[in-house]
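Quick note on numbering: the sequence shown equals residues 8 to 81 in the numbering used here. Even glycine gets a Cβ: it sits at the ideal position worked out from N, Cα and C.
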Amino acid sequence: MATYNANTVREEARLEELANCVEERGVEILGVQEHRRVHTDQPILYHKVGGCSFITLSARRNDAQAATGGVGLM
């Protein structure tokens, strides 16, 4: 079990890189904060990334419309 402040994994390439690191290091559960992925259509989203599952609670948009926050488990 580990935690990670991602600062952003909006781009698929960054998310795939994170999944590769998790698999290489044998981390079974990773708590991710600040992923900055916004999904307003549903509050919780399930992603399949490589051999990992990534469950996210949406980030939100601030007054400047920048994505902030967001937590998840991989």
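Taking 8 Å as the cut-off, the beta carbon of Gly76 is found no closer than this to the beta carbon of Glu30. In this structure, Val78 and Val39 form a Cβ contact; the two beta carbons are roughly 7 Å apart against a cut-off of 8 Å. In the structure shown, the three-state DSSP call for Val34 is coil.
Under the three-state reduction of DSSP, Val39 is assigned to strand. A distance below 8 Å separates the beta carbons of Met81 and Ala26.
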